[in-house]
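Take a look at the structure below.
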Amino acid sequence: MPTKRSILIVDDEKNQRDILDMILSAEGYRTATAPSAEAALRMARAERFDVVLTDLKMGGQSGLDLLRALTQADSSQLVILMTAHGSIESVKDALRLGAVDYLEKPLDRERLLTVLAQALSRLDALDADLIGNSEPMQKLKKIILKVAASDETVLVRGESGTGKELVARALHRHSPRAAAVFHVVNCAAINENLLESELFGHEKGAFTGAVAEKKGLFEVADRGTLFLDEIGELNVALQAKLLRALQEGEVQRVGSTRVIRVDVRVVAATNRPLEDMVAAKTFREDLYYRLNVIPIHLPPLRDRREDIPLLVERFLARQSRGATHYTITPEALQVLQAYDWPGNVRQLESALKRAALLCEGDTIGVEDLPVEIRQATGVPASAPAPPFQFRLPPEGISFEEVERSLIVQAMEKTDWNITRAAKLLGLTFRTLQYRLEKFGLRRPSDTPSDDAPAAEAPPDRTG
């Protein structure tokens, strides 16, 4: 929303600053003004703005100088340039350096508001893809918007489970290539003998089993984006072929001498220390520098704990089905925020899936969290349940009556959810459904008609 977005206006003409301040304030933006690039840089270092709207030509340092300084400072602000004197080359330089758009003077009010709204709407779209409002995540999102328009190679670094593929998809979605294909290759999941064919294709008869020619993903992703996950797993021979594809835009299929031109933006990712691998001669130094043109680092979840409530809300919404809407107690949320999450966001999502499946009702408490999380955060583990015991009366008892009683208890404990009750009883869904029909059991509030089936379990709400 505009009221939540801040804009720093930079222009050496006071009249121009005042006009822009008046227009944008009236639209609900929070504004600040600076008379020079030097003053703007000081303000941007002291406060985080969503957008820096700067003139190109100013006394002293220019708008391009400010853009360079913000980029070197690893700033998260989006930059929009205003120019009355700039050439096409100046605009190209600005976009290459990371500006998200430009405006020509004299400014048109509607054009100004449209460009701002478009830049901020892309930021809003990233909020839906990359969950979190912490400073590291806000910085990450703005870096993505800055580099998305470029065709340069991006190297995404981060621990396992931090969401490197989500970043790659966001880069593609906000790039000029968004209408073209996006392909994912997990370099660690494919046999190295097959990976060359997967990436570069092969000709018929190139090797045993090559019964037909096949395009590689570099050809398939032409004009699109190719995401190479676990790039550190490539063998040295494949590293050489990849380097040629990146440097020359050329590939050769296995079994062919024909050179094929390709136009592909590559985003690579790894959680391995490539610098150490270069030193150990297991990763080519020239390929490392070619991949590391634009490095992006994903923070681990333990470094952005303030994002955990938002992540929990999103993941529980995904688990909710029908009338079941899962919530979490404040105590359980506190435990989640205290845990270090070695598996990062992926581990958090997995823990919540498990808790939602096993909890009684639709509220997740501390007792529903995985034991390793409770133990690591100092929550005492529950005492082990005593082994199940049943005293057989001297006169005997009907086994079917015992079975029926256990089924009723399990159904009531799970609010008549067949999937969860079956897990409690160690039965399959179909077996429990058969026994419900056998004993004529249904939710007490149900009132079947004479021709209704004896037992009609409520729909499975756990998915």
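So the sequence shown is residues 734 to 1196, counted in the working numbering.
Backbone N, C-alpha and C define an ideal beta-carbon position, used for all residues, glycine too.
Fair warning: this is a prediction, and the values are worked out from it, not measured in the lab.
Since Ala-921 is in the alpha helix (DSSP H), which residue starts that stretch and which ends it?
Here Ala-921 belongs to no alpha helix (DSSP H), and DSSP marks it neither H nor E.
Would you mind sorting Asp-841 into buried or exposed? The rule is 16 or more other CB atoms within 10 Å of its CB.
exposed
Starting from Met-815, follow the alpha helix (DSSP H) in both directions and report where the run begins and ends.
That residue, Met-815, is in no alpha helix (DSSP H); its beta strand (DSSP E) goes 811-816.
Between which two residues does the alpha helix (DSSP H) harbouring Ser-758 extend?
747-759
To the nearest angstrom, report how far apart Glu-1170 and Glu-931 are at their CA atoms.
52 angstroms
Taking the Cβ atom as the reference point for each residue, do Ile-864 and Arg-1047 lie within a distance shorter than 9 angstroms?
yes
As assigned by DSSP and simplified to three states, the class of Tyr-835:
strand
If we count Cβ pairs, one from each stretch, closer than 8 angstroms, do we get three or more for the stretch 978-990 versus the stretch 1002-1009?
no
What are the boundary residues of the alpha helix (DSSP H) that Phe-951 is part of?
950-953
Using C-beta distances below 8 angstroms, list every residue in its chain close to Ala-779, excluding the 5 sequence neighbours before and after it, in chain order.
none
Inter-stretch contact (C-beta, 8 angstroms, three-pair minimum) for the stretch 774-789 and the stretch 798-816:
yes
Write down the C-beta distance between Glu-794 and Ala-770 rounded to the nearest angstrom, noting that I regard them as a contact closer than 8 angstroms.
Per the sequence presented here, residue 794 reads as Gln, with Glu not at that position. Going by Cβ atoms, the distance from Gln-794 to Ala-770 rounds to 4 angstroms, so yes, they are a contact pair.
DSSP three-state label for Val-887, please.
strand
So the alpha helix (DSSP H) Asp-1019 belongs to, where does it begin and stop?
1018-1024
So, are the CB atoms of Arg-1176 and Trp-1149 less than 9 angstroms apart?
yes
Quickly, what does DSSP pair Pro-1028 with across the bridge? List them, please.
Leu-888
Neighbourhood of Ala-1089 by C-beta, 6 angstroms cutoff - its chain only, sequence neighbours within 5 removed
Gln-1052, Tyr-1059
Considering only their Cβ atoms, is the gap separating Ala-1065 from Ile-1097 smaller than 9 angstroms?
yes
Just curious, the beta strand (DSSP E) that Thr-941 is in, first and last residue?
Premise fails: Thr-941 is in no beta strand (DSSP E) and is neither H nor E.
Let's see if you can read the secondary structure: which residues bound the alpha helix (DSSP H) around Thr-1152?
1151-1158
Taking the CB atoms as reference points, tell me whether Lys-879 and Thr-804 lie closer together than 9 angstroms.
yes
Are any of the Cβ atoms in chain B nearer than 9 angstroms to that of Val-889?
Judged by its chain identifiers, the structure shown contains no chain B, having just a single protein chain.
Would you identify the three-state DSSP class for Asp-1073, choosing helix, strand or coil?
coil
By alpha-carbon positions, which one of Ala-881, Val-953, Arg-1079, Leu-1069 ends up nearest to Phe-915?
Val-953
Pro-1186 by DSSP, collapsed to three states: which one?
Confidence is the limiting factor: at Pro-1186 the pLDDT is only 34, short of 50, which leaves the residue's position unreliable, though a coordinate-based value still follows. In the structure shown, Pro-1186 sits in coil (DSSP, three-state: anything other than H, G, I, E or B).
State the Cα-Cα distance for the pair Glu-963 and Thr-1152, rounded to the nearest angstrom.
37 angstroms
Measuring only the C-alpha atoms, how far is His-905 from Ala-882?
9 angstroms
On a CA-only basis, which of Val-887, Asn-748, Ile-756 is nearest Val-1026? Give me that one, please.
Val-887
Between which two residues does the alpha helix (DSSP H) containing Ile-1140 stretch?
1132-1146
What does a CB cutoff of less than 6 angstroms around Lys-947 pick up in its chain, not counting 5 residues either side in sequence?
Gly-934, His-935
Among Arg-1079, Ala-1084, Thr-1062, Arg-1107, whose alpha-carbon lies nearest the alpha-carbon of Asp-1095?
Thr-1062
Closest residue to Asp-884 among Ala-973, Gly-949, Arg-998 (Cα-Cα distance):
Arg-998
Evaluate Pro-1181 with the Cβ neighbour count: other Cβ atoms within 10 Å of its Cβ, from every protein chain shown; 16 or more gives buried, anything less gives exposed.
Its pLDDT being 41, under 50, Pro-1181 is placed unreliably by the model, and the measurement read from it follows with that caveat. Classification for Pro-1181: exposed.
To the nearest angstrom, how far is it from the Cα of Arg-956 to the Cα of Val-995?
8 angstroms
Spatial neighbours of Thr-1164 within its chain, please: C-beta separation below 8 angstroms, excluding the five flanking residues on both sides.
Ala-1155
Output the distance between the C-alpha atoms of Asp-1040 and Asn-866, rounded to the nearest integer angstrom.
6 angstroms
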